[in-house]
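Encoded as structure tokens, the structure appears first; notes follow it.
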Amino acid sequence: MPDSIRVAVIQLFAQPLAHAEDVWGRLENRVAEAAAAGARLVVTPECTYPAYWLGSADRLRSGSVLSRPAVLERFTHFAAAHRVTLVGGFAEDDGSRIFNAAAVFEPGGRCAGIYRKTLLWDCDCDWFSPGDELQPIETAVGRLGVLICADVRSPESAATLVNRGAELIAVPTAWVNTSGEPGRLYSIQADFLVEARAREFGVPFICADKWGREPPLEYVGRSRIVAGGGRLMAEAGETGDACAVADVSPGAPRGSVAPPDLQPLLDGSGRRLPAIDGPVLVRIAAGSTDPVDPDHADVSLAGDEIRFRSSARAAVLSTSVRRLRSAEIVTFHATRAAALAGVRLCLVPGVGPDQIVTLRARAAENRMFIGATARGGSGGWLISPDGSMLASAAGPNACVSASVDLNLADDKHVTPKTDLWAQRRPRLYRLTP
Numbered sequence: 001m002p003d004s005i006r007v008a009v010i011q012l013f014a015q016p017l018a019h020a021e022d023v024w025g026r027l028e029n030r031v032a033e034a035a036a037a038g039a040r041l042v043v044t045p046e047c048t049y050p051a052y053w054l055g056s057a058d059r060l061r062s063g064s065v066l067s068r069p070a071v072l073e074r075f076t077h078f079a080a081a082h083r084v085t086l087v088g089g090f091a092e093d094d095g096s097r098i099f100n101a102a103a104v105f106e107p108g109g110r111c112a113g114i115y116r117k118t119l120l121w122d123c124d125c126d127w128f129s130p131g132d133e134l135q136p137i138e139t140a141v142g143r144l145g146v147l148i149c150a151d152v153r154s155p156e157s158a159a160t161l162v163n164r165g166a167e168l169i170a171v172p173t174a175w176v177n178t179s180g181e182p183g184r185l186y187s188i189q190a191d192f193l194v195e196a197r198a199r200e201f202g203v204p205f206i207c208a209d210k211w212g213r214e215p216p217l218e219y220v221g222r223s224r225i226v227a228g229g230g231r232l233m234a235e236a237g238e239t240g241d242a243c244a245v246a247d248v249s250p251g252a253p254r255g256s257v258a259p260p261d262l263q264p265l266l267d268g269s270g271r272r273l274p275a276i277d278g279p280v281l282v283r284i285a286a287g288s289t290d291p292v293d294p295d296h297a298d299v300s301l302a303g304d305e306i307r308f309r310s311s312a313r314a315a316v317l318s319t320s321v322r323r324l325r326s327a328e329i330v331t332f333h334a335t336r337a338a339a340l341a342g343v344r345l346c347l348v349p350g351v352g353p354d355q356i357v358t359l360r361a362r363a364a365e366n367r368m369f370i371g372a373t374a375r376g377g378s379g380g381w382l383i384s385p386d387g388s389m390l391a392s393a394a395g396p397n398a399c400v401s402a403s404v405d406l407n408l409a410d411d412k413h414v415t416p417k418t419d420l421w422a423q424r425r426p427r428l429y430r431l432t433p
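Per the numbering used here, residue 1 is the first one in the sequence shown, and the count goes up by one each step.
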């Protein structure tokens, strides 16, 4: 295995299903550009062909969409003509089911394997069936793991690929804009989640996105190549077709460090605790100066100590809140086990500033609140279940306080049709090397 490999991500305009054929010429031009730049691995977006928004299975099958063999033949030609390992995203119709798939082709054109998305995002559920395998694919550039878009939200999926020897992770994606603000494009994956995954698992993540609108969806662009330590190596813009290229070092298949007792992580459904009556005042104190009287905060973290104000809610709050050591958030296991046990808020003392991305990932992947104090008493943070920063403070003796509805952490939906707990697939996971 070479010390580094030149890889490329191709960002393409999101053409609608009615104009599916338009993609082939644009795609080949970008594959040629990547090959000319010396890329050995080229990744294309999720459902590069025919489209991500299908509308319905009948709509896909009633049009002039190319058959599965014909689509694979197109990708085969591109890989062979340009002598690259190519990851091509497509809607795979096997006659009975439709999968959100990505095929991997060797430089000679041979199809080395096909991965099918396992965590379905919202409209995926209307026409795609979930895949049932998480296995790296042997290629000319090494053992390649493939995840498609929302799959990255599942830490177990990335862990499984790495524990089975994946050295690089290719991510065909269509990051849907979730900002809700006119003129702003936002996706947690581009913002922090991909970086957190690369840091945790020590392998590069090579993510190719769409841009523009595929009504009713809009995509954020920002295709990216992230090194194994989490460093951004290359990024495309929010708009415009692009080919971004970077050199990355394949990660050593070290696997992820798992706790001795894995059984809590294999619980597919999770536990729900009794509801908490009313909002909860959370206080996170990095030092002694505090605008909120600690005796009036329902839950407080000061130093290494969690305190609960004496009240009728103290018992249910004590089961809803868990303290973790900063070392325990480096991997996903402790927060996942807590969330599956019904914990709504994890409090972590003594976190380094380089761990904020990881804290946000832990909150988003579990749909739970995370609070932390900065190492050395220089600040604190409170993060919401969607990974956004609810409150933060910096400086000596800083204090963070907010009134929150901890019951929001009981809802594991990231979209109306995507329940993170319902879509967990424990039988597919390998949580030890």
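Even for Gly, the Cβ is constructed at its ideal location relative to N, Cα and C. These numbers come from a predicted model, not from an experiment.
CA nearest to the CA of residue i, picked from the options
i: arginine 362; options: Ala338, Ala393, Trp24, Gln263; result: Ala338
i: proline 107; options: Ile10, Pro69, His82; result: His82
i: leucine 232; options: Gly371, Ala297, Ala196, Asp94; result: Ala196
i: valine 357; options: Gln189, Ala394, Leu265; result: Gln189
i: valine 23; options: Leu60, Gly89, Thr85; result: Gly89
i: phenylalanine 437; options: Ile169, Val282, Leu66; result: Given that the chain is displayed from residue 1 to residue 433, the structure contains no residue 437 and the question cannot be resolved.
i: aspartate 520; options: Asp298, Val203, Arg323; result: Nothing in the structure corresponds to residue 520, since the chain is present only between 1 and 433.
i: proline 264; options: Ala341, Arg323, Ile225, Ile98; result: Ala341
i: aspartate 126; options: Val9, Arg224, Gly55, Ala227; result: Gly55
i: glutamate 218; options: Ala174, Ala327, Thr48; result: Ala174
i: phenylalanine 205; options: Glu214, Pro250, Leu262; result: Pro250
i: valine 245; options: Glu238, Leu262, Ala252, Val226; result: Val226
i: alanine 51; options: Pro385, Pro172, Glu73; result: Pro172
i: leucine 262; options: Ala14, Thr432, Leu345; result: Thr432
i: arginine 323; options: Lys412, Ala312, Arg309, Val343; result: Val343
i: arginine 59; options: Ala20, Gly25, Val220; result: Ala20
i: valine 351; options: Thr415, Ser320, Ile284; result: Ile284
i: leucine 193; options: Gly230, Cys243, Ile370, Val282; result: Gly230
i: alanine 242; options: Leu301, Gly228, Gly212, Ser320; result: Gly212
i: serine 129; options: Gln11, Ala91, Ala103; result: Ala91
i: aspartate 122; options: Pro216, Arg307, Leu273; result: Pro216
i: leucine 120; options: Arg6, Arg184, Glu46, Pro69; result: Glu46
i: alanine 159; options: Ala208, Ser384, Phe332; result: Phe332
i: glycine 221; options: Asp3, Val203, Asn177; result: Asn177
Extent of the continuous alpha helix (DSSP H) run through residue i
i: arginine 83; result: Careful: arginine 83 lies outside any alpha helix (DSSP H) and carries neither H nor E.
i: alanine 102; result: Segment 98-105 is the beta strand (DSSP E) holding alanine 102; no alpha helix (DSSP H) there.
i: alanine 57; result: 57-62
i: alanine 334; result: 333-340
Reduced DSSP secondary structure (H/G/I, E/B, other) of residue i
i: alanine 227; result: coil
i: glutamate 195; result: helix
i: isoleucine 148; result: coil
i: glutamate 276; result: Looking at the sequence provided, one finds isoleucine at residue 276 rather than glutamate. Coil at isoleucine 276, not helix or strand.
i: proline 349; result: strand
i: alanine 363; result: helix
i: tryptophan 175; result: coil
i: arginine 283; result: strand
i: arginine 322; result: strand
i: serine 157; result: helix
i: valine 203; result: coil
i: tryptophan 121; result: coil
i: glutamate 214; result: strand
i: phenylalanine 90; result: strand
i: phenylalanine 308; result: strand
i: alanine 297; result: coil
i: alanine 8; result: strand
i: valine 220; result: strand
i: arginine 427; result: helix
i: alanine 315; result: helix
i: alanine 302; result: strand
Limits of the beta strand (DSSP E) - the one that residue i falls within
i: proline 172; result: 168-172
i: valine 414; result: 413-415
i: tryptophan 421; result: No beta strand (DSSP E) holds tryptophan 421; DSSP gives it neither H nor E.
i: valine 245; result: 242-248
i: cysteine 111; result: 111-116
i: threonine 139; result: 137-139
i: glutamate 235; result: 232-235
Contact with chain C by residue i, beta-carbon distance below 8 Å
i: isoleucine 284; result: Of the chains in the structure shown, none is chain C; there is only one protein chain.
Unbroken beta strand (DSSP E) runs of length 3 or more, entirely within the stretch 12-53: which are they? 41-43
Runs of 4 residues minimum, wholly inside the stretch 365-404: which ones carry the alpha helix (DSSP H) assignment? none
Is the stretch 95-115 close to the stretch 128-136, with three or more CB pairs under 8 Å? yes
Can we say the stretch 309-328 touches the stretch 419-430, given the rule of at least three CB pairs closer than 8 Å? no
Stretch-stretch touch, CB-based, cutoff 8 Å, three pairs: the stretch 64-78 with the stretch 140-150: no
Three or more C-beta pairs below 8 Å linking the stretch 267-275 and the stretch 368-375: no
Are the stretch 385-394 and the stretch 92-102 in contact at 8 Å, needing three or more beta carbon pairs? no
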